[in-house]
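Student: Encoded as structure tokens, here's the structure I'll be asking about.
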Amino acid sequence: AQSVSQHNHHVILSEAASLELGCNYSYGGTVNLFWYVQYPGQHLQLLLKYFSGDPLVKGIKGFEAEFIKSKFSFNLRKPSVQWSDTAEYFCAVTPVSYNTDKLIFGTGTRLQVFP
Amino acid sequence: EPEVTQTPSHQVTQMGQEVILRCVPISNHLYFYWYRQILGQKVEFLVSFYNNEISEKSEIFDDQFSVERPDGSNFTLKIRSTKLEDSAMYFCASSGQGQETQYFGPGTRLLVL
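So the sequence lines, in the order shown, correspond to chains A and B. The numbering of the first sequence is the working numbering, which starts it at 1 and goes up by one. The numbering of the second sequence is the working numbering, which starts it at 1 and goes up by one.
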């Protein structure tokens with residue numbers, strides 16, 4: 001079935017550790033790719049997005065993601081996490097080729113960063 | 001910075017009752033969406049709305065659901081006769097263009113008893 005997969009459900013890190021969260025999707029053709037973050041008690045906020053061009057995209061708060069078309073992946077990275085990065089992270093895809101603008105979300109990854 | 005707002009933040013209702021969830025999208029946006037997240041599950045698309053009509057809806061969005069833009073600022077989701085399984089967080093989102101970034105509201109937590 002077509003879907004968006006986030007394989008890490010819960011990640012626990014110490015401050016200054018590096019982070020990589022996986023995201024894979026199974027839609028063919030052109031896709032728009034997003035990472036959203038939800039801090040405790042807050043709403044979904046856009047971290048970064050990829051529509052076209054340079055497959056390495058930089059977002060807010062030092063996050064970046066790399067689109068690898070051959071692997072259908074859009075992994076999120078941060079070289080050094082902070083306690084304030086504790087949140088839930090959602091990968092989302094719009095399969096543009098399917099003539100839709102809906103977002104299809106992964107299950108989310110809960111990140112806990114300890115000082 | 002403009003934001004999407006939603007009211008109420010929490011709603012408790014009895015099974016079979018009607019509920020209306022309200023959203024105020026970002027003012028110059030033209031595309032509006034509802035999503036929901038049942039506890040412990042994925043955020044799921046419900047419906048998209050453009051030019052005063054539904055442009056796409058999911059299988060979840062059956063005849064019990066309806067959306068409306070009653071005036072120039074509000075966007076509402078109505079559930080006609082709530083079921084226990086409608087308990088979820090409902091998110092409204094808006095976008096300036098189709099297939100572009102969607103900006104989300106804080107959500108309404110609906111509990112059906």
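Idealized CB from N, CA, C, for every residue including glycine. Nothing here was measured: the structure is a model prediction, and the numbers come from that model.
1) Any idea which residues DSSP pairs Ala-93/B with across the strands?
2) What are the complete beta strand (DSSP E) segments, minimum 3 residues, inside the segment 1-86 of chain B?
3) Check whether the Cβ of Tyr-90/B lies closer than 8 Å to any Cβ atom in chain A.
4) Along chain B, which residues have their Cβ under 7 Å away from the Cβ of Lys-61/A?
5) Determine the burial state of Lys-61/A: buried for a count of at least 16 other Cβ atoms within 10 Å of its Cβ, exposed for fewer.
6) Comparing the C-beta of Gly-96/B with each C-beta of chain A, is any distance below 8 Å?
7) Please go through the same chain and pick out, in chain order, the residues whose beta-carbon is closer than 7 Å to the beta-carbon of Leu-46/A, but skip the five residues on each side of it.
8) Does the CB of Ile-12/A have a neighbour CB from chain B at under 8 Å?
9) Along the chain, where does the beta strand (DSSP E) that runs through Ile-12/A open and close?
10) Where does Val-112/B fall in DSSP's three states?
11) Considering Cα atoms alone, identify which of Leu-44/A, Gly-29/A and Ser-52/A is closest to Phe-105/A.
12) Rank Phe-114/A, Asn-32/A and Glu-15/A by C-alpha distance to the C-alpha of Leu-103/A and give the top, closest one.
13) Chain B beta carbons: is any one of them nearer than 8 Å to that of Ile-104/A?
14) Start and end of the beta strand (DSSP E) containing Ser-73/A?
15) The beta strand (DSSP E) with Ala-92/A in it runs from where to where?
16) Counting beta carbon pairs with one atom in the segment 18-26 of chain B and one in the segment 76-93 of chain B, are three or more of them shorter than 8 Å?
17) Do we get a CB-CB distance below 8 Å when we pair Glu-1/B with the residues of chain A?
18) According to DSSP, is Tyr-187/A part of a helix, a strand, or is it coil?
19) For chain B, is any of its Cβ atoms less than 8 Å away from the one on Phe-72/A?
20) According to DSSP, simplified to helix, strand and coil, what is Lys-61/A?
21) On the criterion of 16 or more Cβ atoms from any shown chain inside 10 Å, does Arg-80/B qualify as buried, or is it exposed?
22) In this structure, what does DSSP give as the bridge partners for Tyr-50/A?
23) For Asp-63/B and Leu-56/A, I'd like the C-alpha separation in whole angstroms.
Tutor: Walking through what the data contain:
1) Tyr-33/B and Phe-104/B
2) 5-7, 10-13, 19-24, 31-37, 43-50, 53-57, 65-68 and 75-79
3) no
4) Under the 7 Å cutoff, chain B gives no residues; its nearest Cβ is about 16 Å from Lys-61/A.
5) exposed
6) no
7) Phe-34 and Tyr-36
8) no
9) 10-14
10) strand
11) Leu-44/A
12) Asn-32/A
13) yes
14) 73-78
15) 87-94
16) yes
17) no
18) Nothing can be reported for residue 187/A: it is not among the residues displayed for chain A, which extend from 1 to 115.
19) no
20) helix
21) exposed
22) Leu-33/A
23) 43 Å
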